[in-house]
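Quick mapping for you: the protein sequence lines, in order, are chains Y and X. Heads up, our numbering is the position in the first sequence plus 18, with the first residue counted as 1. Heads up, our numbering is the position in the second sequence plus 18, with the first residue counted as 1.
Protein chains: 2
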Amino acid sequence: MATLRDVAKRAGASVSAVSEVLNGKGRHTIRVGQATRERIWAVAKELGYTPNPIARSLVTRKTGVLGLVFPYSGAFIDRNPFCTQVMSGVFEEVVRERYNLMLHTALGDDWSTVEESALLDPRVDGLLLVLPSPHSPVIARCLREGFPCVAIVYEPDSDDVYTVNADEFTGGRLATEHLLELGHWRIAHLVGTPGIATTEPRKQGYLAALAAAGIQADPALLVPAGFDWQNGYEAIRTLLERPSSQHPTAIFAANDLCAEGAMHALRERGLRVPEDMALVGYDDTWFATMTHPPLTSVYMPIYEMGVLAAQMLIALVEGREVADRQPVLPVRLSVRESSGPISSY
Amino acid sequence: MATLRDVAKRAGASVSAVSEVLNGKGRHTIRVGQATRERIWAVAKELGYTPNPIARSLVTRKTGVLGLVFPYSGAFIDRNPFCTQVMSGVFEEVVRERYNLMLHTALGDDWSTVEESALLDPRVDGLLLVLPSPHSPVIARCLREGFPCVAIVYEPDSDDVYTVNADEFTGGRLATEHLLELGHWRIAHLVGTPGIATTEPRKQGYLAALAAAGIQADPALLVPAGFDWQNGYEAIRTLLERPSSQHPTAIFAANDLCAEGAMHALRERGLRVPEDMALVGYDDTWFATMTHPPLTSVYMPIYEMGVLAAQMLIALVEGREVADRQPVLPVRLSVRESSGPISSY
DNA sequence: ATAAGAAGATAGAACGTTCTATCATGGGCC
DNA sequence: GGCCCATGATAGAACGTTCTATCTTCTTAT
């Protein structure tokens with residue numbers, strides 16, 4: 019690997035001049051004439067000079083690398099379309115802006131590994147946190163130390179924290195309203211994993227829609243489930259063990275994966291979707307269109323959330339101001355077959 | 019951020035001593051007495067010293083970071099369970115070995131972006147290439163320059179290249195044999211994307227199984243498709259436009275996603291799986307178990323391939339010898355409902 | 001003619017590590 | 001008393017950049 023000094027020696031110029039010509043942005047007072055410029059370029063090409071980003075980072079204190087931190091629960095990354103889609107959006111923006119992406123993970127609720135590795139690590143310019151736990155100590159620390167950091171899906175616990183969220187409450191409401199419009203009034207909600215930021219607002223949206231329709235929520239229809247296929251499957255199996263008079267006629271699942279699990283359990287009992295049980299999912303990832311029947315689902319702009327978060331973080335890293343610190347992106351309902359024919363149209 | 023010098027000054031010791039005590043592995047001749055050791059530790063704790071990996075990398079020429087390069091075709095990362103599962107395996111091993119992972123991508127067939135960023139980039143110690151194009155110039159270059167590099171799913175074009183593959187040929191054979199055993203003899207194969215390393219051997223396995231059964235392959239039943247849902251969907255729609263006397267009775271799809279697309283198209287025409295058409299997928303990702311009916315699929319140890327590739331690369335980076343440069347991992351058939359009842363048992 | 005400043009350049013000090021080479025001191029042994 | 005060597009230490013040269021401070025010329029306005 020040729021260094022600046024190698025080029026300088028061979029071109030008969032100073033290291034400063036070579037640095038300025040090859041890597042400089044004209045920020046400082048180093049002035050190099052046309053002739054020397056050309057000589058330097060020629061030698062650089064000849065020697066195949068390529069700058070060493072490590073040496074550069076040591077002095078500039080910028081690396082051009084962003085850290086992406088995922089919650090880790092064994093199978094989260096490879097099984098949950100939400101995570102991969104966020105990543106996809108982040109990645110796209112990162113590539114566009116000529117940054118690099120470093121992957122980190124938090125083992126379970128233990129974010130200490132992140133603190134040890136990524137946070138204090140000058141190898142990354144900033145941190146993107148996906149689904150951090152509530153009142154995340156990592157975020158608190160970033161804020162305290164002025165380390166650039168954006169959380170994706172996080173209940174803002176301070177005005178200073180940068181977050182990107184979707185309007186989960188409205189999502190829960192839309193899903194439920196849709197089922198109400200279809201004539202259902204015994205609607206179950208498969209509740210997401212407790213502690214994950216999306217769980218509570220979706221549930222509140224569900225409750226609000228019921229209340230607005232003058233229906234008293236039946237606590238027995240708030241079924242604890244989670245965001246995994248297995249969660250949906252087991253929740254429905256348990257639910258169907260009750261006497262059929264207590265069964266709902268429609269289900270609003272925690273997310274698409276959970277909905278598919280539910281569908282599977284329903285099918286096992288010979289119940290048809292949507293004829294015997296209407297079903298609505300959440301997230302509306304690619305996965306929702308390929309179930310049978312295709313899932314009605316609340317569309318969340320997951321990819322866009324990744325892009326936006328990356329944009330915000332890059333702005334922070336580069337010292338630009340971010341107008342909206344806590345944007346909330348709109349959701350909408352994607353109506354497909356799993357919720358049944360639409361009676362109101 | 020406290021530096022070695024800060025600690026040294028405050029502890030009344032030399033930078034060398036502090037470096038040895040806090041970060042050294044006892045590799046060289048620096049000897050520090052018990053008393054100074056304790057003083058240094060105390061001061062380090064007091065100042066919250068944390069080593070700067072960038073400065074360290076500059077001198078050691080090791081970063082503890084591995085680069086993971088994915089093929090990029092718009093939606094590959096977030097839609098294809100294969101890629102995310104490889105990543106999951108790689109990630110697991112990388113975390114276990116206390117390395118870090120940097121994500122890169124190759125835009126389409128243009129791996130030049132990789133050459134520009136990752137390859138010559140001293141920020142990574144080695145490169146993990148997922149599904150590189152045949153005769154990859156990147157691999158050739160790594161080999162030439164002695165840069166550690168392991169390819170995941172790659173037809174070895176030299177004895178020196180390190181690859182991790184699954185036994186695709188046997189996979190294609192197993193899938194086809196299974197359908198033959200079930201009594202099918204008009205078996206279509208939805209062929210994968212041309213140019214991807216897995217496409218050809220799977221097809222060859224299919225042809226070999228037919229030949230072994232004394233069946234002459236019908237070229238019309240070799241349907242060009244690809245590895246995406248849409249590919250399977252469209253391939254089957256085209257296929258079903260032929261007169262039904264020319265229809266197959268069974269389909270071996272390029273992968274699970276493609277199989278699900280096929281299933282969708284079949285259902286649209288009122289054809290039942292497996293009663294009217296038996297179906298076998300490939301990869302056997304989590305996705306295969308949640309289709310309806312669940313997919314019979316060739317299990318590929320994708321996760322394990324990621325782990326193994328990472329292990330090999332880390333060994334290379336650390337200068338250890340790798341016994342088997344081109345391991346081929348075994349596959350097996352996961353029989354589920356989409357292929358129909360098993361007549362031979 | 002001369003001061004002022006522009007143009008073209010360079011030396012060398014950082015950045016925070018690792019690690020080689022070197023230097024003291026003191027104890028044990030002949 | 002002198003020699004050897006173990007023990008405890010340090011100075012300072014790398015690593016490859018960026019960038020401030022400084023030094024020559026040469027032009028140009030007064």
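The beta carbon of each residue, even a glycine, is placed where N, CA and C say it ideally should be.
Between the CA atoms of residue j and residue i - distance to the nearest angstrom
i	j	result
P140(X)	R116(Y)	17 Å
R220(X)	A227(X)	11 Å
R284(X)	V241(X)	This sequence places Leu at residue 284(X); Arg is not what is there. Cα-Cα distance, rounded: 15 Å.
C167(X)	N41(X)	28 Å
A158(Y)	P311(Y)	44 Å
F165(X)	I72(Y)	17 Å
D342(Y)	L22(X)	40 Å
S32(X)	T78(Y)	26 Å
Y180(X)	P345(X)	9 Å
V113(Y)	G82(Y)	11 Å
E111(X)	L225(Y)	44 Å
F305(X)	P359(X)	21 Å
Q248(Y)	V36(X)	52 Å
W59(X)	E38(X)	11 Å
K43(X)	D246(X)	50 Å
Chain-order list of residues whose beta-carbon lies under 8 Å from that of residue i (same chain, five-residue window excluded)
i	result
T217(Y)	V209, G210, T211, A272
K80(Y)	D143, V335
Q264(Y)	A238
Y251(Y)	G279, A280, H282, A283
C160(X)	L137, L145, P166, C167
Any C-beta of chain X under 8 Å from that of residue i
i	result
P348(Y)	no
P261(Y)	no
H207(Y)	no
E278(Y)	yes
L22(Y)	no
P292(Y)	no
T102(Y)	yes
L121(Y)	yes
R162(Y)	no
M308(Y)	yes
A253(Y)	no
R28(Y)	no
Proximity test, Cβ basis, 8 Å: residue i and chain Y
i	result
G126(X)	Only weak support exists for where G126(X) lies, its pLDDT of 48 falling under 50; the value from the coordinates is given anyway. No, G126(X) does not count as interfacial toward chain Y.
A296(X)	no
M318(X)	no
I269(X)	no
F109(X)	yes
Within 8 Å, strictly: CB atoms of residue i and residue j
i	j	result
L76(Y)	M105(Y)	no
R28(X)	V50(X)	no
P319(X)	L275(X)	no
L326(X)	V182(X)	yes
A253(X)	A243(X)	yes
L119(Y)	L84(Y)	yes
S352(X)	T303(X)	no
L200(X)	S357(X)	yes
L147(X)	V156(X)	yes
G337(Y)	G107(Y)	no
F100(Y)	D301(Y)	yes
Outcome for residue i when other beta-carbon atoms lying within 10 angstroms are tallied against a minimum of 16
i	result
I48(X)	exposed
H122(X)	buried
A328(X)	buried
H153(Y)	exposed
Q103(X)	buried
G286(Y)	Residue identity differs from the one stated: residue 286(Y) is Glu in this sequence, not Gly. Flag for E286(Y) reads exposed.
Contact set for residue i: own chain, Cβ-Cβ below 7 Å, skip 5 residues either direction
i	result
H202(X)	T267, A268, A296
E355(Y)	P292, P311, P312
L331(X)	L84, G144, L146, P166, V168
T188(X)	G223, V349
Neighbourhood of residue i by C-beta, 6 Å cutoff - its chain only, sequence neighbours within 5 removed
i	result
Y67(X)	A20, V25
L289(Y)	M295
R191(X)	G223, A226, A227
H207(X)	Y224, L240, F270
A184(X)	M318, L347, V349
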